[in-house]
Amino acid sequence: MKIAITAKGTDFTSEVDPRFGRAAYILMVDTETFDLEVIDNSINSNAFKGAGIQAATTVCDKGAKVLLTGYCGPKAFAVVDAAGIKVVSDVEGNVKDVVESFISGNLTYTDSANAFAHW
Numbered sequence: 002m003k004i005a006i007t008a009k010g011t012d013f014t015s016e017v018d019p020r021f022g023r024a025a026y027i028l029m030v031d032t033e034t035f036d037l038e039v040i041d042n043s044i045n046s047n048a049f050k051g052a053g054i055q056a057a058t059t060v061c062d063k064g065a066k067v068l069l070t071g072y073c074g075p076k077a078f079a080v081v082d083a084a085g086i087k088v089v090s091d092v093e094g095n096v097k098d099v100v101e102s103f104i105s106g107n108l109t110y111t112d113s114a115n116a117f118a119h120w
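The sequence shown maps to residues 2 to 120 in my numbering.
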């Protein structure tokens, strides 16, 4: 399964970026093979508006089934939810530990945004 994780860096030792739309990077991880694809999200992190929607569109286009992040605003949440992508919010720690927690079933999906628009 492909999962998307917001990150401050480009590898498994990176800390999770608490921001979804304005995260420095989005890491796409295959939970079976641990293959890693790095998406540079700098164009969205510097956007005047619409960063969450653009990041959500990217995650959808990359085929993610789950998004792991700190905070996800209402517009971004609506986009990923409409695409059938499940969201785990309030995620923190390094990417490797978060992926292992997800695989172990220790993370809980959310059913709504946990950040205000333009956070």
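The beta carbon of each residue, even a glycine, is placed where N, CA and C say it ideally should be.
- Counted as a single uninterrupted DSSP element, the stretch harbouring Ile6 is not any alpha helix (DSSP H) but the beta strand (DSSP E) occupying residues 3-8.
- Between the segment 37-46 and the segment 80-89 there are fewer than three C-beta pairs closer than 8 Å, too few to call the two in contact.
- Scanning its chain for C-beta atoms nearer than 7 Å, with the 5 sequence neighbours on each side dropped, one finds around Val99 the residues Ile6, Val17, Leu69, Val92, in chain order.
- By DSSP's assignment, Glu38 forms a beta bridge with Met29.
- As the crow flies, the alpha-carbon of Thr34 is around 21 Å from that of Gly94.
- Look at Val100 here: in three-state DSSP terms it is helix.
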